[in-house]
Amino acid sequence: MQVLYIALLSFGIGSLPAFARSLDLSWSYHSLFPTFFFPVIMNPNFLGGIEIGTLLAVILLGMVTVQIYVYYANFPHDSRAIKALIAVVWFIETAHVAAICYGLYRITITRYGHLDLPMPMEMCTVVILGNLVHPLVQAIFTARICQLGNSPQNRIVTNVCWAISGFVFGVTVLLSIKAFSASSVDQFQDQWDWLILSLFGATAAVDLLIAATMGCYTAQNRTLSDAESSNKLDTLILWTAPTGLLTSTAAVAVVIVFATMRRNHLWLAVLIVNTGLYSNSLLSLLNGRLQLGYQTEAPFTIS
1 MQVLYIALLS FGIGSLPAFA RSLDLSWSYH SLFPTFFFPV IMNPNFLGGI EIGTLLAVIL
61 LGMVTVQIYV YYANFPHDSR AIKALIAVVW FIETAHVAAI CYGLYRITIT RYGHLDLPMP
121 MEMCTVVILG NLVHPLVQAI FTARICQLGN SPQNRIVTNV CWAISGFVFG VTVLLSIKAF
181 SASSVDQFQD QWDWLILSLF GATAAVDLLI AATMGCYTAQ NRTLSDAESS NKLDTLILWT
241 APTGLLTSTA AVAVVIVFAT MRRNHLWLAV LIVNTGLYSN SLLSLLNGRL QLGYQTEAPF
301 TIS
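This is how it looks when you write it as structure tokens:
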């Protein structure tokens with residue numbers, strides 16, 4: 001390449017763009033000297049993780065859309081508040097996936113090879129929308145726990161969940177503001193790694209606490225004298241535990257990936273998928289009442 005460039009200079013056509021334009025040819029520095037003069041900065045693990053995460057997010061959006069149709073068709077007696085919150089979750093999830101897809105286009109097409117540039121606005125929006133879904137779903141589960149009893153232990157659990165969810169929401173707002181002004185992805189995560197790790201850890205803690213509380217409460221209220229009731233409670237345990245453990249496991253995975261492989265940016269891909277898991281876990285729990293056969297006799301409320 002150096003020999004070619006020196007030869008062109010010796011023939012008096014060192015101004016290559018002007019020479020190309022005089023011949024009415026398309027000109028591009030990167031097409032003539034793709035890597036030697038203009039090295040591309042791109043981590044393939046980052047691109048691969050974002051693409052896989054985007055694909056899974058689209059699939060999860062389709063799943064939650066089907067679940068919402070099933071929910072509205074089979075549970076007309078649920079409270080208006082829970083129906084409205086379900087609609088809000090779906091709209092946020094849809095906007096979240098749309099922002100992911102457009103952000104992926106920006107990263108892979110219009111800004112390919114430039115991770116050193118500030119993060120695209122769309123990816124910042126992804127973080128904001130995703131972390132709006134997390135505390136919203138956690139708030140619905142926490143409100144449900146409040147209805148399970150008025151014991152001191154129950155009040156402690158709900159207060160802790162409310163406090164941590166409030167912390168998650170506040171940290172999300174702060175990090176979202178900082179992300180818009182970050183000079184690069186690496187600079188953002190290096191500067192705020194301790195706060196990001198705290199955010200992921202708090203989210204996982206709430207999920208584990210909610211899953212453990214709902215499972216323990218259901219198990220303690222089993223009545224062995226009533227076989228039919230016992231079977232229903234067994235089904236409820238098997239349905240409740242996986243929904244809470246699924247989101248908590250994903251949240252723990254985000255913590256582990258961020259703590260051990262943050263330079264690969266794979267944590268962002270796991271975080272993208274995690275948002276879809278939250279909305280699907282909520283709808284799975286609501287629609288799970290179909291397995292118990294009392295969708296009209298036991299409406300779901302949060303009041």
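Following the UniProt record's numbering, the residues of the sequence shown are numbered contiguously, the last one being 303.
We put the beta carbon where it would ideally sit given N, CA and C, even for glycine.
Minimum C-alpha distance to residue i - residue among the options
i	options	result
Gly-48	Val-171, Ile-107 and Thr-247	Ile-107
Val-133	Thr-247, Val-66 and Thr-260	Thr-247
Ala-205	Leu-175, Glu-93 and Gln-138	Gln-138
Ile-109	Trp-267, Ala-179, Gly-166 and Glu-51	Glu-51
Asn-274	Asn-131, Ala-179 and Ala-84	Asn-131
residue 318	Asn-280, Ala-87 and Leu-174	Nothing about residue 318 can be read from this structure; the chain reaches only from 1 to 303.
Gly-53	Asp-207, Ile-145 and Gly-276	Gly-276
Asn-280	Val-257, Ile-177 and Ala-87	Ala-87
Asp-207	Ile-164, Lys-83, Ile-196 and Asp-190	Ile-164
Ile-92	Gly-215, Asn-154 and Val-64	Val-64
Ala-99	Leu-195, Met-214, Val-157 and Thr-125	Thr-125
Leu-245	Arg-262, Tyr-278, His-265 and Ala-259	Tyr-278
Val-171	Asp-190, Thr-158, Ala-202 and Ser-151	Ala-202
Own chain, CB closer than 7 Å to residue i, minus 5 neighbours either side, in chain order
i	result
Met-123	Gly-103
Leu-290	Asn-74
Thr-162	Strictly speaking, residue 162 in this sequence is Trp, with Thr absent from that position. If we look at Trp-162 and ignore the five residues flanking it on each side, its Cβ neighbours are Thr-142.
Local conformation of residue i per DSSP, three classes
i	result
Arg-80	helix
Gln-147	coil
Tyr-112	coil
Leu-290	helix
Trp-192	coil
Phe-91	helix
Leu-283	helix
Contact belief for residue i with residue j at Cβ below 8 Å, rounded distance in angstroms
i	j	result
Val-254	Leu-271	5 Å
His-96	Leu-129	4 Å
Ile-210	Ile-145	7 Å
Neighbour flag for residue i against chain D, beta carbons, 8 Å
i	result
Gly-276	Here there is only one protein chain, and chain D is not present.
Other residues of its chain near residue i: CB distance less than 6 Å, five sequence neighbours each side excluded
i	result
Asp-193	none
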